[in-house]
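Notes to accompany the following structure.
Residue numbers (our numbering): 1 to 192.
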């Protein structure tokens, strides 16, 4: 599946109590906490000057509420996409994050009981990304994807970008390469 070479924005949802506790959320539908609501409001200050025409969000509460807060300020429509929800971590959900150990094993095919396999998750996110980019109307009217840390990592893998984490409610801008042999670039919105 080929990803269209269309720029887009991405933001991870605002903070939740489970983020503070350092546990796997996965598809557990955890809401934003007060700090997460404030983070989403602050993010709009960076996003309201960007050429966004549509907001695409995961259906999970923490992402959907972040999208709703942003949409209210920048006055753009929201579309919910199931394919952009976080990875299901099965029995690991609610347990303390041991990111390096579990992530490497998961990528290598050792899937925790009840969890989504890495390959299946990446294929789902890739499908969601392609569908989201189809909603960009023109180069000056782009989409904002409101998602999760795992979705961000999957997009990074899909676009052959360096793997790293993203903090809550920090918007980023993805620019496609000028040539097929180059990689996508990522920059933080509002940071020169």
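Where is the CB? At the ideal position from N, CA and C, for every residue including glycine.
In this text the structure is predicted, and so the values were computed from the model without any measurement.
Notebook entry, point to check: Is it true that the segment 83 to 98 meets the segment 118 to 134, where meeting means three or more beta-carbon pairs spaced less than 8 Å apart?
Noted result: Yes, the segment 83 to 98 is in contact with the segment 118 to 134.
Notebook entry, point to check: Taking C-alpha atoms, which residue in 183, 145, 15 and 33 lies nearest to residue 125?
Noted result: Ranking 183, 145, 15 and 33 by CA distance to the CA of residue 125 puts 145 first.
Note to self: Run through the DSSP bridge pairs and tell me what residue 115 is partnered with.
What the structure shows: For residue 115, which the question treats as bridged, DSSP gives the partners 89.
Checklist line | Distance, residue 61 Cα to residue 47 Cα | finding: Looking at the backbone, the Cα of residue 47 and that of residue 61 are separated by about 21 Å.
Margin query: Going by DSSP in three states, residue 6 sits in which element: helix, strand or coil?
Written below: In this structure, residue 6 counts as coil in the three-state DSSP scheme.
Notebook entry, point to check: Relative to the C-alpha of residue 3, which residue among 177, 189 and 37 is closest?
Noted result: It is 177 whose Cα lies nearest to the Cα of residue 3.
Notebook entry, point to check: By Cβ distance below 8 Å, which residues in the same chain neighbour residue 31 in space, the five residues on each side in sequence not counted?
Noted result: Hits under 8 Å: 16, 61, 62 and 65.
Margin query: DSSP has residue 23 in a bridge; who is on the other side?
Written below: DSSP output for residue 23 lists 96 as bridge partner(s).
Notebook entry, point to check: Buried or exposed: which applies to residue 95, given that a residue is buried once 16 or more other Cβ atoms fall within 10 Å of its Cβ?
Noted result: Exposed: under 16 other Cβ atoms inside 10 Å.
Next item on the list: With a 10 Å radius around its C-beta and 16 neighbouring C-beta atoms as the bar for buried, classify residue 13 as buried or exposed.
Entry: Counting C-beta atoms within 10 angstroms of its own C-beta, residue 13 has 16 or more neighbours from the protein chains shown and is therefore classed as buried.
Check: If you draw a straight line from the C-alpha of residue 98 to the C-alpha of residue 22, how long is it?
Finding: Approximately 9 Å, taken between the alpha carbons.
Next item on the list: With DSSP collapsed to three states, give me the class of residue 45.
Entry: Three-state result, residue 45: helix.
Next item on the list: Find the nearest neighbour of residue 135 within the set 24, 107, 52 and 179, judged by alpha-carbon distance.
Entry: 52 is the residue among 24, 107, 52 and 179 whose C-alpha sits nearest the C-alpha of residue 135.
Next item on the list: With DSSP as the reference, please indicate the residues paired to residue 60 in a beta bridge.
Entry: DSSP lists no partner for residue 60.
Next item on the list: Would you mind giving the Cβ-Cβ distance between residue 189 and residue 50, rounded to the nearest angstrom? I have them listed as a contact below 8 Å.
Entry: About 6 Å separates the CB atoms of residue 189 and residue 50; that is less than 8 Å, so the two are in contact.
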